[in-house]
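The structure appears right after this line, and notes come after that.
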Amino acid sequence: MTAPSTAADAVGDRGGLARRFLADYAWIASGEVVSKIAGFLAFAYLARVLAPVGYGAVELAVAVGMVGYLVVDFGIGPIAARMVGQDRARAGALLGSVPALRLALSLAGFAVAATLAPLLAATPEGRTLVVLYAGALLGAPWILDWLFQGLDRMRWVAPAQMLRMCLFLTAVACFVRGPEDVLRVGAIEVCAFGSMAAYYVLAARRIGERPRVAPDAATVRELAREATPVGAGQLLWALNQYLPTFAMAWWWPQSELAYYAAGHRIVFSLGSFIFLYFFTLYPQLVRTTHEAPEEFATLATHSLRATAWLGGLVGLGGTLLAAPICALAFGEAFGETATVFALLVWALPINLLSGHARFALIAAGEQRLQMGAQALGVVATLALAAVLVPTLRATGAALALLGSALLVWVVAHLATRARVGAMPGMAPLWRPVLAGAAVYAFAHALPTASPWLRTLVACATYALVFAVAERATLRALPAELGLAAARRGPEDAP
């Protein structure tokens, strides 16, 4: 009688872990949604009150800050979280070494940003904003999300980003009233980022940990050695995202940069939900690439089909509604953003589709191939931006980003087929592509002047075609995305 009880207890434990995982994921996802909404509202407000010149200066500073943060982290966070997860006794040494290593990187990054500011920004206000956003990174040593991830206390993480972005939104609404207040945005960012760092320090002390600057030489060497490949991949991703922004700042006034950056901000905000999808899919990719290659092919095929249709729906709706969305979000002064957004919105389905190959490579332990695909993307972005931005301005920057995303997809897809498993070809894509083209033509033939009504009818038609054409995929995919623990029966329990 003992063995069945033990097996049942094991299954119950796995079920409890699955429920806890889903609860933590829901909490993190909710925090991400709130912070993204707050951030988008803040920047939509700034676009209206700062005018294109001031808004372009802010977006350039944000791009510098984003790339700078990934330089400061450089893969240290995920590696430190893994170390704590494997041996919680190492938390003390890491709480001295990680802040010390990040402090050195943030000081170096601040010096580089301050040196490059005159080359990047065309106005004194723009240069000061770049320095302020780089200065905010001096709080990065105290961003301790890695500690709570390693200790499996993820519910402490969600409030941090919400605190930062909600404080940023509130302060911007209260203290930024016109173009003359543009420098206040940088000061607010310093305070908001500092509040997030302070939250993490207080939260760490609340659970009995003591963050400090006290490097241990052996720990620092281990972190540097293991984090470098991860950090290089993160930095390549950031460069793919922001090189067109820097190209616009180099060749054109900040007002022109603003038209590109506004469209990019909408797409970038929506792009975080692509990561959340693959965050959910990743455990299945790990299991199938290592244990069940035939299941990997089935999973990839079903997921590619479903996400191709979903991505097509987003691209179709975004293209048809580009003008009213940009006018509603940023005001009439940003009319030129509509063309940029109508192009950039297609980066979402491209990245959604390429994510299958990119995350499959990481799941299979072939992360260097994934990094190689990103590196080729950076080269493509540089080449395309150098050719297109000087002549086509913001439209050229959008085309450079799209071209790079396509190249990364193709290279990662081919690498996955060669080194991981039977990654499906383009067969799952022809239905959504043909349906999208037909529905787009149908939408423009509708006898209505309302873009909202035209888009509603078009998207409803497209969704109906999807439901009819992919009935089998809709039935199979939920089971494929289920947690591995939930699939196991008592006979599989140890």
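Position in the sequence shown (from 1) plus 166 gives the number in the working numbering. Just so you know, even glycine gets a beta-carbon here, dropped at the ideal spot from N, CA and C.
- With a threshold of 16 other beta carbon atoms within 10 Å, E422 meets it and is buried.
- Note on the region 202-263: whole alpha helix (DSSP H) runs with a minimum of 4 residues are 242-252, in chain order.
- For V586, there is no enclosing alpha helix (DSSP H), as DSSP marks it with neither H nor E.
- The alpha-carbon separation between T503 and P381 amounts to approximately 47 Å.
- Less than 8 Å divides the Cβ of A229 from the Cβ of T411.
- The beta carbon of R376 sits closer than 7 Å to those of L261, all from its chain and outside the five residues before and after it, given in chain order.
- Contact check for A474 against P590 fails: the beta carbons are separated by 8 Å or more.
- Remark: C-beta atoms of L303 and V379 do not approach each other more closely than 8 Å.
- Excluding the 5 residues flanking it on each side, V480 has same chain C-beta neighbours closer than 6 Å at L514, in chain order.
- The C-alpha of I491 lies about 16 Å from the C-alpha of A424.
- A straight-line Cα-Cα distance of about 14 Å links Y606 and A488.
- Cα atoms of A324 and G437: separation of roughly 18 Å, rounded to the nearest angstrom.
- Our two residues, C357 and A495, have alpha carbons roughly 25 Å apart in a direct line.
- With contacts defined by Cβ atoms closer than 8 Å, S520 and L550 do not form a contacting pair.
- In its chain, beyond the 5 residues on either side, R431 have a beta carbon closer than 7 Å to the beta carbon of F209.
- Between the region 537-544 and the region 555-568, the count of Cβ pairs shorter than 8 Å is below three; the stretches do not touch.
- Between V199 and V342, the gap from beta carbon to beta carbon reaches 8 Å or more.
- Leaving aside the five residues that flank T582 on each side, the residues in its chain whose CB is nearer than 7 Å to its CB run, in chain order, A523, A526, L527, M589.
- Where V351 is concerned, the enclosing alpha helix (DSSP H) starts and stops at 348-372.
- The Cβ atoms of G587 and A463 sit closer than 8 Å to each other.
- Around F206, the same chain offers S435 as residues with beta carbons nearer than 6 Å, after the five sequence neighbours per side are excluded.
- When the Cα atoms are used, A300 and A279 turn out to be separated by approximately 6 Å.
- Going by C-alpha positions, E388 is about 33 Å away from L580.
- Per DSSP, reduced to three states, the secondary structure at G531 is coil, with no helix or strand assignment.
- The DSSP assignment places no complete beta strand (DSSP E) segment of no fewer than 3 residues inside the region 269-325.
- By the criterion of at least three beta-carbon pairs nearer than 8 Å, the region 319-337 is not in contact with the region 254-268.
- If you draw a straight line from the Cα of F240 to the Cα of E636, it comes to about 41 Å.
- For M592, the secondary structure class from DSSP, reduced to helix, strand or coil, is coil.
- Contact between the region 251-259 and the region 324-334 is absent: fewer than 3 CB-CB pairs across the two stretches fall below 8 Å.
- With a 10 Å radius around the Cβ and a threshold of 16 neighbouring Cβ atoms, V348 comes out buried.
- The three-state reading of DSSP puts L487 in coil, since its state is none of H, G, I, E or B.
- For a cut-off of 8 Å, the C-beta gap from L510 to L567 is around 7 Å, short enough to register as a contact.
- Residue state for W512 is assigned as coil, using DSSP reduced to three classes.
- Straight through space, the alpha carbons of M249 and I516 are spaced by roughly 34 Å.
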